[in-house]
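Scroll down for the structure; my scribbles are underneath it.
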Amino acid sequence: MTEKRKKRKGDTRQKSFDRILSSLYIIFILFAVALIIHLFFIQVIDIKKYRVKARNQRAGQNFAVRGDIYDRTGLKLATDKVFYNVFARRADYDDDESSPEVIAKKLAPILKISKEELLKKLNSPNQIIAVKKDIDRNTAKEIAKLHLRAISLDKKNTREYPQGTLASHVLGYYNFDADIANGVEYTQKDKLEHIENIVKFQRTQKGKIIYDFMTDPVATTMNPKGEDVTLTIDAAIQHICEKELEKMVREKEALRGTVLVMNPKNGEILAYAVYPNYDPNNFKTVSAGLIKNWTLTDVFPPGSTFKIITVASAMELGKINEQTKVLDTGKTSIGKWEIKNYDYDVHPYPGHISLEYLFEHSSNIGSINVAKTMTSKEFYEMLKKFGYGSKTGIDLPGESVGLLPHYNNWDQGIHATMSYGYGTSVTAMQMISAVQSLANNGVKVTPHVVKYSPEEEANKVQRVQVVSPETAHSITKLLAAAINNGRSVIKMDKYNVAAKTGTSRKPKENSAGYSPYMYTSTIGYFPASDPQVLVYVMVDSAKVGAIWGNTVAGPVFHEVSTQIARIMNLKPDKNTR
211 MTEKRKKRKG DTRQKSFDRI LSSLYIIFIL FAVALIIHLF FIQVIDIKKY
261 RVKARNQRAG QNFAVRGDIY DRTGLKLATD KVFYNVFARR ADYDDDESSP
311 EVIAKKLAPI LKISKEELLK KLNSPNQIIA VKKDIDRNTA KEIAKLHLRA
361 ISLDKKNTRE YPQGTLASHV LGYYNFDADI ANGVEYTQKD KLEHIENIVK
411 FQRTQKGKII YDFMTDPVAT TMNPKGEDVT LTIDAAIQHI CEKELEKMVR
461 EKEALRGTVL VMNPKNGEIL AYAVYPNYDP NNFKTVSAGL IKNWTLTDVF
511 PPGSTFKIIT VASAMELGKI NEQTKVLDTG KTSIGKWEIK NYDYDVHPYP
561 GHISLEYLFE HSSNIGSINV AKTMTSKEFY EMLKKFGYGS KTGIDLPGES
611 VGLLPHYNNW DQGIHATMSY GYGTSVTAMQ MISAVQSLAN NGVKVTPHVV
661 KYSPEEEANK VQRVQVVSPE TAHSITKLLA AAINNGRSVI KMDKYNVAAK
711 TGTSRKPKEN SAGYSPYMYT STIGYFPASD PQVLVYVMVD SAKVGAIWGN
761 TVAGPVFHEV STQIARIMNL KPDKNTR
């Protein structure tokens, strides 16, 4: 009985094992069939999809170079320069033509490295060995002719600025490694890197181009290039402004300075000098403070140049006219503060003065009394129309809105000091932009450094009527008469100049009150009969000699304006006989 039971139990196990084996066999068959079907779909039914995928894995293209930047005359200011890095691959060494000894012997004279030094590099344990970086195109061609299997050339490009420091704060810089930029290199990045038709081709695993009937052999040797950008800057005028500015800053031992030159009719910046400047070819060695375009970011009290805006605002509102006389008592008190004219010791009580006298003698008291004809709200709204408290919209990065307190926060003191350029703080670009409208029949135009096509200009350059043409012409006439009547250094022999100088105390950086230093400035346009050029000069913290707008910024204005008139061949509007 026991033997029969054991036999039945063994038969049951055998049958169970056979069933499991049969199931596994069926599963294997089904898996094989499924695999065959899957491969069939890949290789026959869906072959195009995987061909495209394989092609994409092999796809490549030559790296793109950024477009060039030119001045308005076609002088190249920025361009890409192609370099090559030389690498060795240990996996491709052999005992014949690609041994380290043979490679070192052939490459050493081309790379201008000793054979021993090069052999030491090639025997490095690294799989990929950096042999030499940043070789030029001609050297790369010599290496390529050797057909060394273990040597590869890696292309790279770097940004080059052929004119060195010229217009550095306009151009900015571009760092390929970190993909960061400044200046025009930043604001025009999309255009400089925009490529219409990118030519793609296939490469092998080692980077060799796979040529087929669709491959353009010429295109494979060309680097696609972005669009070029032309600036409104005139390199000749830029050079003059930089030279004269540097000369004055050094002579007066000043901290810094700027000269801005604009075509007032269309807002084009003809020159944008900032000193100290820097060489964008070596931007990595320069401090962030030196690279920063402080004429857009930093604010300062504009001083007496602001009197132009005060008088223009009151005139536009109908509070005064060209023949208006205002009382000038020489000095006045507002609260606990005494305010007086800079020439009070010479002219203690001028009495009722003309607007022409106000500009010529830069009367603080006259300006205060002009401002009193306006309410705080009226004055504030006119300043907003001139662009104060807002960005000008210039096509450069980092622009500040300046500091213009709302009229609800004005007291009697702010209203008064605002009239002669102390109640607000402005950027250099805001100042030239505001005066530009008076030189252009009252129409303010967005300042810009990029030369746009008519289509681009329609979108990027705005035109706003700030004051009437009559107001603009009256202010121009008064300013020109004030300069011609006086003995200012900014007077020109052949041209009537509508201009004003300014001097303002420099606030302390980290506390209330003023430092012992001054901002000196001059702003003006000519020929006054038909303004073609607007110039603004500002020098910060001059330390030597007489520190006034007329003695520091004025000589720079005169020299720059004289040379610009010659370069542009401007028609004189003064009778010199």
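Residue numbers (the working numbering): 211 to 787. Note that the Cβ used here is the ideal one computed from N, Cα and C, for glycine as well.
In this structure, DSSP gives N392 a state outside helix and strand, which the three-state scheme calls coil. Secondary structure remark: continuous alpha helix (DSSP H) runs of at least 4 residues inside the segment 739-779, in chain order: 764-778. Contact between the segment 433-441 and the segment 273-286 is established, with three or more Cβ pairs separated by less than 8 angstroms. In the displayed model, G734 falls within a strand according to three-state DSSP.
Rounded to the nearest angstrom, the gap between the Cα atoms of K701 and Q773 is 14 angstroms. Annotation for R347: the continuous alpha helix (DSSP H) segment containing it runs R347 to K355.
Restricting attention to beta strand (DSSP E) runs no shorter than 3 residues, the segment 666-702 encloses them at 673-675, ordered along the chain. When only Cα atoms are considered, T283 and M525 end up about 40 angstroms apart. For the 8 angstroms CB-CB criterion, Y488 and T375 form a contact.
Per DSSP, the unbroken alpha helix (DSSP H) holding K453 starts and ends at A445 to E461. The Cβ atoms of V659 and V394 lie closer than 8 angstroms to each other.
Rounded to the nearest angstrom, the gap between the Cα atoms of A301 and I501 is 45 angstroms.
The beta-bridge partner set that DSSP reports for N295 consists of D364. In the DSSP assignment, D400 falls within the unbroken alpha helix (DSSP H) covering K399 to L402. Taking each of T468, L688 and E461 in turn and checking the Cα distance to Q448, the smallest one comes out for T468. Between the alpha carbons of F516 and R673 lies a distance of about 22 angstroms.
Between the C-alpha atoms of S714 and L614 there is a straight-line separation of about 17 angstroms. Following the DSSP letters along the chain, one finds H379 inside the alpha helix (DSSP H) bounded by residues S378 to L381. Nearest to E667 by alpha-carbon distance, out of A314, I604, N392 and S600, is I604. When DSSP states are grouped into helix, strand and coil, W504 belongs to the helix group. With a contact defined as Cβ atoms closer than 8 angstroms, Y294 and A350 qualify at about 4 angstroms. Residue pairing of H557 in beta bridges, as defined by DSSP: absent, with no partner found.
For K541, the uninterrupted beta strand (DSSP E) segment begins and ends at K541 to I544. Within the same chain, S647, R673, V674, Q675 and V676 come within 8 angstroms of V653 by CB-CB distance, once the 5 residues on both sides are set aside. The secondary-structure analysis by DSSP pairs L606 with nothing; it has no beta-bridge partner. In this chain, the alpha helix (DSSP H) harbouring Y567 covers L565 to E570. If you ignore the 5 residues before and after I563, its C-beta comes within less than 7 angstroms of the C-beta of K535, V536, D538, S573 and G576, all in its own chain and listed in chain order.
The straight-line gap separating the alpha-carbon atoms of K331 and P319 is approximately 15 angstroms.
The Cβ neighbour count for S771, taken over all protein chains shown within 10 Å, is at least 16; the residue is labelled buried. In the three-state reduction of the DSSP assignment, K582 falls in the coil class, being assigned neither a helical nor a strand state. Between Y735 and P372, the gap from beta carbon to beta carbon reaches 8 angstroms or more. Within the segment 629-672, the beta strand (DSSP E) runs of at least 3 residues that lie entirely inside it are, in chain order, 653-655. Shown here for I530: same chain residues with a beta carbon closer than 8 angstroms to its own, the five before and five after excluded, namely V521, A524, V536, L565, V580 and T583 in chain order. Take K601, set aside five residues on each side of it, and the residues of its chain with a beta-carbon closer than 6 angstroms to its own are E609 and V611, in chain order.
Between the alpha carbons of A722 and L780 lies a gap of roughly 47 angstroms. Contact check between the segment 681-701 and the segment 494-514: fewer than three CB pairs, one atom from each, fall below 8 angstroms, which does not count as touching.
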